[in-house]
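Residue numbers (my numbering): 1 to 481. A short worksheet on the structure shown next.
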């Protein structure tokens with residue numbers, strides 16, 4: 001019997017552990033798939049700590065619920081049903097007593113714990129806030145140290161850590177007290193049950209042997225009832241985690257447009273038209289208002305304007321990072337809704353002013369997982385004026401750049417970002433203040449090297465520097481449109 005019990009336990013653990021891990025994987029995969037299509041306006045509000053807390057901590061809570069809770073509750077429920085059936089067979093009156101008192105105690109526990117579960121939600125929220133604050137402070141620690149603000153930020157993080165401690169303590173204390181109180185009620189219910197059993201012996205309704213047999217079976221129910229209450233704890237924790245995960249699934253998606261016509265196919269460049277385009281970040285103040293603009297094939301256009309005139313916003317809507325509220329955008333005569341953002345981003349390159357870097361190799365930061373030959377990579381580096389720097393490194397393309405490129409200067413990161421876009425060979429290239437960190441000589445060499453590469457491409461340059469503007473075929477002042 002012990003061998004059979006051990007075998008069944010192994011099967012049970014293996015089965016539900018496998019189910020739990022599969023469910024956890026599918027939840028994380030679904031979250032990541034959803035995050036791929038979440039609108040940029042939502043991303044701007046999201047904290048990386050908040051997302052990681054949900055993807056890791058909350059999914060682990062659900063994993064624990066399935067692996068440790070669901071499997072056991074099935075076994076324990078079947079045990080209660082089996083034992084209750086035997087007690088009913090032996091004496092239905094005593095069965096009614098025990099099966100009425102125990103559920104009452106369990107119901108009390110459920111009612112109390114439902115309110116305690118709210119504290120668990122508060123604890124999870126505190127963890128989320130702490131992770132957001134910690135992640136942000138670590139990412140900006142260089143700036144914090146320069147400003148001599150370490151003490152302030154560390155005290156702020158410590159305050160949030162204490163809040164987690166306090167919420168966790170309160171939840172642990174109240175849940176444990178309610179559990180012990182419910183267990184005490186179950187013990188009292190069994191005492192009542194035994195008193196009724198002894199009374200029935202005195203009255204001659206059952207024999208002492210029958211009473212002892214029923215008591216033995218009733219005692220077997222104690223362990224499953226205890227497991228049921230522990231399961232309730234896991235259930236409410238998992239329920240709270242599911243609610244937090246749903247916060248991600250409820251995030252607004254960017255519009256999904258299916259490809260109907262590919263305007264870039266068999267073409268090396270594109271002409272662009274904006275018709276009555278308007279956009280605002282907060283649905284009230286328009287950053288772009290009724291913009292009408294045409295850019296010819298292979299034309300080199302410089303966009304200038306006052307701070308806040310919407311230059312970078314224009315670049316972002318052209319590549320579909322933010323959907324326009326009014327108007328239409330056309331590439332080679334095809335409206336953006338008939339192209340789809342995926343196709344646009346495959347053919348329109350965007351070089352941002354402050355590129356982010358992964359704590360990985362130069363090769364990875366250039367290719368971002370795409371398969372490019374070293375020959376093609378070095379060609380892009382030569383144009384971006386980064387070839388000599390890379391060749392001077394011991395590990396060359398395999399050199400680790402550090403977190404967010406800490407081993408690179410601002411100008412090197414900008415040039416790496418330019419090389420990254422050149423590798424994709426887009427039909428349209430948008431430069432958003434992409435050489436602002438370069439000295440004049442390096443910028444001149446870069447622009448000269450770019451001339452041959454971009455001669456057949458449509459290029460939009462957002463710039464203040466004279467060198468970038470002088471290379472343009474046309475200069476457009478956005479604040480006058």
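Just so it is clear, CB atoms sit at the ideal spot from N, CA and C, and this is done for glycine as well.
Task: Endpoints, the alpha helix (DSSP H) within which residue 164 is located - done: If you number the chain shown from 1, residue 164 lands on position 164. That run of the alpha helix (DSSP H) goes 150-202.
TODO: For the alpha helix (DSSP H) containing residue 380, list its first residue and its last residue.
DONE: Counted from its first residue, the chain shown places residue 380 at position 380. Per DSSP, the unbroken alpha helix (DSSP H) holding residue 380 starts and ends at 374-383.
Task: Integer-rounded CB distance, given that residue 160 should sit under 8 Å from residue 126 - done: Walking along the chain shown from the start, residue 126 turns up at place 126. Walking along the chain shown from the start, residue 160 turns up at place 160. Separation of the CB atoms of residue 126 and residue 160 is rounded to 7 Å, and the pair is thereby assigned contact status at 8 Å.
TODO: Within its chain, find whatever has a CB closer than 7 Å to the CB of residue 16; leave out the 5 residues flanking it on each side and keep chain order.
DONE: On the chain shown, residue 16 is found 16 positions in, with the first residue counted as 1. Non-local beta-carbon contacts of residue 16 in its own chain, meaning distances under 7 Å to residues more than five positions away in sequence, involve 66, 67, 70, 71 in chain order.
Task: Span separating the alpha-carbon of residue 241 from that of residue 54 - done: Locating residue 241 in the chain shown gives position 241, where the first residue counts as 1. Locating residue 54 in the chain shown gives position 54, where the first residue counts as 1. In a straight line, the C-alpha of residue 241 is about 8 Å away from that of residue 54.
- [ ] For residue 1, count neighbouring Cβ atoms within 10 angstroms of its own Cβ and tell me buried if that reaches 16, exposed if not.
- [x] On the chain shown, position 1 is the one that residue 1 refers to. The predicted position of residue 1 is uncertain, since its pLDDT is 42 and thus under 50; a value taken from the coordinates is nonetheless stated next. It counts as exposed.
Open item on the list: Just to confirm the assignment, what range does the alpha helix (DSSP H) spanning residue 60 have?
Closed with: Along the chain shown, read from residue 1 onward, the residue named residue 60 stands at position 60. 59-64 is the extent of the alpha helix (DSSP H) around residue 60.
Task: residue 83 (DSSP reduced to helix, strand or coil) - done: Position 83 of the chain shown, counting from 1, holds the residue named residue 83. In the three-state reduction of the DSSP assignment, residue 83 falls in the helix class.
Open item on the list: Between which two residues does the beta strand (DSSP E) holding residue 477 run?
Closed with: Position 477 of the chain shown, counting from 1, holds the residue named residue 477. From DSSP, the beta strand (DSSP E) with residue 477 extends over 474-477.
- [ ] Give, in chain order, every unbroken run of the alpha helix (DSSP H) that is at least 4 residues long and sits entirely within the stretch 191-265.
- [x] Listed in chain order, the complete alpha helix (DSSP H) runs (minimum 4 residues) inside the stretch 191-265 are 208-220, 222-249.
Task: Element boundaries [alpha helix (DSSP H), containing residue 415] - done: Numbered from 1 along the chain shown, position 415 holds the residue referred to as residue 415. Membership of residue 415 in the alpha helix (DSSP H) is indicated by the continuous run 410-424.
Task: Beta-carbon separation (whole angstroms), residue 124 vs residue 244, contact threshold 8 Å - done: By one-based count along the chain shown, residue 124 stands at place 124. By one-based count along the chain shown, residue 244 stands at place 244. Contact between residue 124 and residue 244 holds: their C-beta atoms lie close to 6 Å from each other, under 8 Å.
- [ ] Counting only runs of 4+ residues fully inside the stretch 85-112, write out the alpha helix (DSSP H) ranges in chain order.
- [x] Complete alpha helix (DSSP H) runs here, min 4: none at all.
- [ ] Taking residue 220 as the reference, give the member of 26, 141, 102 with the closest Cα.
- [x] Your numbering for residue 220 matches position 220 in the chain shown. Selected option, being the one with the closest Cα: 102.
Task: Straight-line Cα distance separating residue 464 from residue 305 - done: Here residue 305 refers to the residue found at position 305 when the chain shown is read from its first residue. Here residue 464 refers to the residue found at position 464 when the chain shown is read from its first residue. Their backbone Cα atoms lie some 8 Å apart in a straight line.
TODO: Compute the Euclidean distance between the alpha carbons of residue 225 and residue 141, then round it to the nearest angstrom.
DONE: As a working note, residue 225 is residue 225 in the chain shown. As a working note, residue 141 is residue 141 in the chain shown. The C-alpha of residue 141 is placed about 51 Å away from the C-alpha of residue 225.
TODO: Check residue 338 in the structure and name its three-state DSSP category.
DONE: Looking up residue 338 in the chain shown gives position 338. Helix, per DSSP.
Open item on the list: Less than 8 Å between the beta carbons of residue 108 and residue 182, yes or no?
Closed with: Numbered from its first residue, the chain shown carries residue 108 at position 108. Numbered from its first residue, the chain shown carries residue 182 at position 182. At a Cβ-Cβ threshold of 8 Å, residue 108 and residue 182 count as neighbours.
- [ ] Just mark residue 320 as buried or exposed, buried being the case when its beta carbon has 16 or more other beta carbons within 10 Å.
- [x] Translated into positions along the chain shown, residue 320 becomes position 320. So residue 320 ends up on the buried side.
- [ ] Pull up the distance between the alpha-carbon of residue 290 and that of residue 382, whole angstroms please.
- [x] In the chain shown, residue 290 corresponds to position 290, counting from 1. In the chain shown, residue 382 corresponds to position 382, counting from 1. Computed Cα separation, rounded: 41 Å.
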